[in-house]
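Read the structure below first, then the notes.
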Amino acid sequence: MKNYQLGEFEEIVLLTVGILNNEAYSVAIKDEIESRLKRTVSMGALHTALIRLEDKGYLKSFSGESTEDRAGRPRRYFEITALGKKAMLHAKETREQLWKAIPKAVLEYQLRVTN
Amino acid sequence: MSIVFCQLSTIEKVKTEKSNPPQIALRFFRWYCSPRLLDYIEGDLLEVYERRLKTSGKRLADFRFAVDVLLLFRPGIIGSRKNNYASNHIDMFRNNFKIALRSLWKNKPSTVINVLGLTTGITACLLIALFIQHELSFDKFQSKGKRIARVVMEYGFEGRPETEKGTFTSTKVAPVLSRTFPEVEKGVRMTTVSMILRLNNEPVTESNFLFSDSSFFNTFDYEMLEGNAATALDGKFKIVLTEAASKRYFGDESPLGKILEVGEKKTPYEVTGVMRDYPKNSQIQFDFLASFSSLGENQEETYFNANYTTYLLLNNEFAFAPLKEKLDPFMEKEMKGTGATIHFHLEPFREVHLQSPYPAFVSNTSMSYLYLLGGVALLIIVIVCSTYINLSTAKSIERAKEVGVRKVSGAARAQLFWQFIGEAFVVCCLSVLVSFSAASLLLPYFNSFVSRSFEFTDLLTPAFLLITFLITVAISLVAGSYPAIILSGMQPARILKGLFKNSSAAKQLQQSLVVFQFAITVFLIVCTFIIRNQLSYIQNKSLGYDRNHVLTLKIGWDTDYNQMKTLKQELKKHPQVVEVSRCGSSPEKIYSGYSMRLPSTPETEVIMVNANPVDEGFVKTSGLHLLAGRDFSQQDIELVTPEPWENKKFHYLINESAAAKFGWTPEEAIGRELVLNTTGVIVGVIKDFHFQSIHDALKPIVLFTSTWGGRLIIKTSGDDIPGTLAYLEQTWKKNYPRPSL
Chain A
0 MKNYQLGEFE EIVLLTVGIL NNEAYSVAIK DEIESRLKRT VSMGALHTAL IRLEDKGYLK
60 SFSGESTEDR AGRPRRYFEI TALGKKAMLH AKETREQLWK AIPKAVLEYQ LRVTN
Chain B
0 MSIVFCQLST IEKVKTEKSN PPQIALRFFR WYCSPRLLDY IEGDLLEVYE RRLKTSGKRL
60 ADFRFAVDVL LLFRPGIIGS RKNNYASNHI DMFRNNFKIA LRSLWKNKPS TVINVLGLTT
120 GITACLLIAL FIQHELSFDK FQSKGKRIAR VVMEYGFEGR PETEKGTFTS TKVAPVLSRT
180 FPEVEKGVRM TTVSMILRLN NEPVTESNFL FSDSSFFNTF DYEMLEGNAA TALDGKFKIV
240 LTEAASKRYF GDESPLGKIL EVGEKKTPYE VTGVMRDYPK NSQIQFDFLA SFSSLGENQE
300 ETYFNANYTT YLLLNNEFAF APLKEKLDPF MEKEMKGTGA TIHFHLEPFR EVHLQSPYPA
360 FVSNTSMSYL YLLGGVALLI IVIVCSTYIN LSTAKSIERA KEVGVRKVSG AARAQLFWQF
420 IGEAFVVCCL SVLVSFSAAS LLLPYFNSFV SRSFEFTDLL TPAFLLITFL ITVAISLVAG
480 SYPAIILSGM QPARILKGLF KNSSAAKQLQ QSLVVFQFAI TVFLIVCTFI IRNQLSYIQN
540 KSLGYDRNHV LTLKIGWDTD YNQMKTLKQE LKKHPQVVEV SRCGSSPEKI YSGYSMRLPS
600 TPETEVIMVN ANPVDEGFVK TSGLHLLAGR DFSQQDIELV TPEPWENKKF HYLINESAAA
660 KFGWTPEEAI GRELVLNTTG VIVGVIKDFH FQSIHDALKP IVLFTSTWGG RLIIKTSGDD
720 IPGTLAYLEQ TWKKNYPRPS L
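Protein chains in written order, with numbering that gives the first Met the number 0: chain A, 0 to 114; chain B, 0 to 740.
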């Protein structure tokens, strides 16, 4: 099986690109993550993640329209590739496998404590 | 009301300052961001900035903009602005190389001037570098060098403040110190002399004849080719030859066990070993290494009779200071009640050549002299570089078109820059090649000038080649960079339109360089003149003796008195020979230390004095001025011929300073008795003269009658010098068969 490498933040970015569907460009992704996950995302971290994901072939990008509030600079939209989808699924499956492997007693105990 | 106003004004402000983030941050971002990402990310930054401007005001937006820019400064986003067209470096290099050669070939005159200029400079620098490197490498090869100390003796007499310091020590020092102090592992006593040996039954003077203890082999590095180092110098009359000396005397045969006849008395020495020639960068030099015991002067009675150099091998390199601390009280105890004080100082062996004020077996070089030479080399390089810069900047018009076409075809500035640096490098390499051959041609002259013996192979050692390479790169960078900047910075459009002119900045630079060059050149020339003046001052200053037309010949110290008498008589027959005298040291270099006193004073109250053994006619030969009394006569000399020592009757000549020590005027001194070797009569008083360095004050000196001495000085009238020399040589060969004159 191929080894999909996906960091935690990378996974979040990939998922958010998926949520935004055709509207995924950097500022929108940043806003989305910030509003959903209640955490601040620095531009630097986001862009490096995007570049890395694109280098890995999980994302592809294309230039969009330029708008006035960007002083004529174009937006760069991102799209998940087939490989990206596989990586996401792989990540999800591994998580689920791990979840299943945890003995119920541990979880119940944990739940009781948190409750 | 006011609140509404306020809000209105902020809105207006926002409108006017729209898309106006802090310029510094933006410029910084544009500088580092990779061009591929620049537009997108800048767009993002601006979009977020706009939004923040509306929500949280300009100041905060500015601040967060700057923070964002800083956070974006990370790998992946930083990228060079280089264009991404991959160019073929190997082909470009070959092309540049070819172009460089072609343009050099095309501008032959300027190439020749450039190469000649650089060659002159580089040759000078090579020779200087060779010398400096050689001097710095002195004694570094000795593996125990850090633990070796040279002993400096300082002695004085109680009640007198002045002391005398030097590397002379008596034979007692090494055995006593190595017995007494655990820090001292070995002691080596040494002395070099000129000895007469027989080569094919012809007498030959060998000047590198070293007497040394057998501990030489424990202390210094050596490579024995034949024989056993452990026993080679055990016992009297044992001798080890260097490879070269062995070849000279015994050819390819093994000399082991053979006999060499040494000295006037033809003492047989047994050859016990052959060792590899000693490195040239050593303060200890010899062709023959004979056992110290052969001298027969080993004694442990006194610390005086100090005629030998002592080296100590310490047990570790940090023992210098602790040993010195123990030495002072020890020596105070040793000298108690003798009326004299002696202190020993330890010089680190490796610092002797460059830092010691006391002479070694090989003449020392001072560190400041090396700095001075290095400075001169640097100035020469600067001059040479300026010449290159001037010439190539002036020539830049001719290359302008090439630069224009290259730029139009897409050459980047950096490429052009390196092309011209490369061209400078080619010129430099060419000059270095020529310099090497020039240096090898000049080596013999250079050698006689600095009295070293460099060979061409010394220029080819890896260390030296590395130095040369670094010099080459440095020169090509310094000399090539300015023309390269000028040329690569030209505007292609202007050049191709023919609007090109040499910039005024370049002209100014050229002019100031010329002035600068002239300044340095004048400076160097003035320095040369000052040095010349100093030298001629030394040569012409009245030293108290006349050394014009005086020849000094080396003879054996113990050469037979009667043989020399015949030779002197023969020499004096020539009309041009004014006077001949034999002496221990020639008058400009008298260092031998003695003590003198009056017969009436106790033996403990002596006055230190330099003295020189001489025979008749010395005053006349050396042109000293007699103030009272007379020169030594033949009869005086005959009185010192009887053996043993006690039967000799000495006569003395003293100088004014020496007479003043006893409170005599020159006239009063005549006929008085003085104790130097033994009691003797003063026959004359001479005017003070410089018998040591010209820097030293005039000091007292005693000349005493003798039948021995290693120098023959001959005063000629100065007419018909070639004829006189020929006669001298002929007489010399007949009476005293030896090659050197």
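Even for Gly, the Cβ is constructed at its ideal location relative to N, Cα and C.
Check: Any Cβ of chain A within less than 9 angstroms of the Cβ of R29 of chain B?; Outcome: no
Check: Would you check if the distance between the CB atom of S253 of chain B and the CB atom of V239 of chain B is smaller than 9 angstroms?; Outcome: no
Check: Going by alpha carbons, who is nearest to V684 of chain B out of B:L652, B:L311, B:T715 and B:F661?; Outcome: B:L652
Check: For G670 of chain B, tell me which candidate among B:I636, B:S705, B:Q691 and B:R629 has the shortest Cα-Cα distance.; Outcome: B:R629
Check: Using the rule of at least 16 other Cβ atoms within 10 Å of the residue's Cβ for burial, across every protein chain shown, is P358 of chain B buried or exposed?; Outcome: exposed
Check: Going by C-alpha distance, which of B:Q490, B:M223, B:R398 and B:L196 is nearest L766 of chain B?; Outcome: Only positions 0 to 740 of chain B appear in the structure, and residue 766 of chain B is not among them; the question remains open.
Check: DSSP three-state call for F77 of chain A: helix, strand or coil?; Outcome: strand
Check: Between I589 of chain B and E615 of chain B, how many whole angstroms is the CB-CB distance? I'm expecting something under 8 angstroms.; Outcome: So it is not a contact: roughly 18 angstroms between Cβ atoms.
Check: Buried or exposed: which applies to D286 of chain B, given that a residue is buried once 16 or more other Cβ atoms fall within 10 Å of its Cβ?; Outcome: buried
Check: Counting contacts by CB-CB distance shorter than 9 angstroms, is A24 of chain B in contact with chain A?; Outcome: no
Check: Helix or strand or just coil, what does DSSP make of G336 of chain B?; Outcome: coil
Check: May I ask you to report which of helix, strand or coil DSSP gives S362 of chain B?; Outcome: coil
Check: Verify the contact flag: G144 of chain B, CB atom, against every heavy atom of the ligand FAD, threshold strictly below 8 angstroms.; Outcome: The ligand FAD is absent from the structure shown, which contains no ligands of any kind.
Check: Which word fits P748 of chain B, buried or exposed, when buried means at least 16 other C-beta atoms lie within 10 angstroms of its C-beta?; Outcome: Because chain B in this structure spans residues 0 to 740, residue 748 of chain B falls outside the shown range and cannot be described.
Check: What does L70 of chain B reach in chain A if we use C-beta pairs closer than 8 angstroms?; Outcome: S41, M42, G43 and A44
Check: G120 of chain B lies in the alpha helix (DSSP H); which residues open and close that run?; Outcome: K107 to L135
Check: Given a limit of 9 angstroms on CB to CB distance, which residues of the region 68-93 of chain A reach chain B?; Outcome: D68, R69, A70, G71, R72, P73, R74 and R75
Check: Consult DSSP for Y277 of chain B and reduce its assignment to one of helix, strand or coil.; Outcome: coil
Check: Under the DSSP definition of a beta bridge, which residues are partnered with A100 of chain A?; Outcome: DSSP lists no partner for A100 of chain A.
Check: State yes or no: is the C-beta of E33 of chain A within less than 9 angstroms of the C-beta of L19 of chain A?; Outcome: no
Check: For V66 of chain B, decide whether its Cβ has a neighbour in chain A, counting only Cβ atoms nearer than 9 angstroms.; Outcome: yes
Check: If you drop the 5 nearest sequence neighbours on each side, which residues of the same chain put their C-beta closer than 8 angstroms to that of Y24 of chain A?; Outcome: G63, R74, R75, Y76 and F77
Check: To the nearest angstrom, report how far apart S656 of chain B and A668 of chain B are at their CA atoms.; Outcome: 12 angstroms
Check: Just to confirm, is the Cβ distance from L44 of chain B to A44 of chain A under 9 angstroms?; Outcome: no
Check: Would you identify the three-state DSSP class for N532 of chain B, choosing helix, strand or coil?; Outcome: helix
Check: I'd like to know if I32 of chain A contacts chain B, where contact means its C-beta is closer than 9 angstroms to some C-beta of that chain.; Outcome: no
Check: Run through the DSSP bridge pairs and tell me what Y154 of chain B is partnered with.; Outcome: B:E163 and B:I341
Check: Round the Cβ separation of C124 of chain B and A376 of chain B to the nearest angstrom and send it over; I've been treating them as touching at under 8 angstroms.; Outcome: 5 angstroms
Check: Report back the beta-carbon spacing between S584 of chain B and N561 of chain B to the nearest angstrom; my notes put them in contact at under 8 angstroms.; Outcome: About 23 angstroms separates the two Cβ atoms, so there is no contact after all.
Check: Would L747 of chain B count as contacting chain A if we go by Cβ distances under 9 angstroms?; Outcome: No information on residue 747 of chain B is available, as it lies outside the stretch 0 to 740 that chain B covers here.
Check: Which residues bound the alpha helix (DSSP H) around S253 of chain B?; Outcome: That residue, S253 of chain B, is in no alpha helix (DSSP H); it is neither H nor E in DSSP.
Check: Using a Cβ distance threshold of 8 angstroms, determine whether the region 590-602 of chain B contacts the region 618-628 of chain B, with at least three qualifying pairs required.; Outcome: no
Check: Quick one: grab the DSSP three-state call for G186 of chain B.; Outcome: strand
Check: Please check if any C-beta of chain B sits within less than 9 angstroms of the C-beta of M0 of chain A.; Outcome: The pLDDT assigned to M0 of chain A is 45, lower than 50, so where the model puts this residue is not dependable, and the model offers no usable value.
Check: Look up E578 of chain B in the DSSP assignment and say whether it is helix, strand or coil.; Outcome: strand
Check: Listed in chain order, which residues of the region 365-383 of chain B have Cβ atoms closer than 9 angstroms to some Cβ of chain A?; Outcome: none
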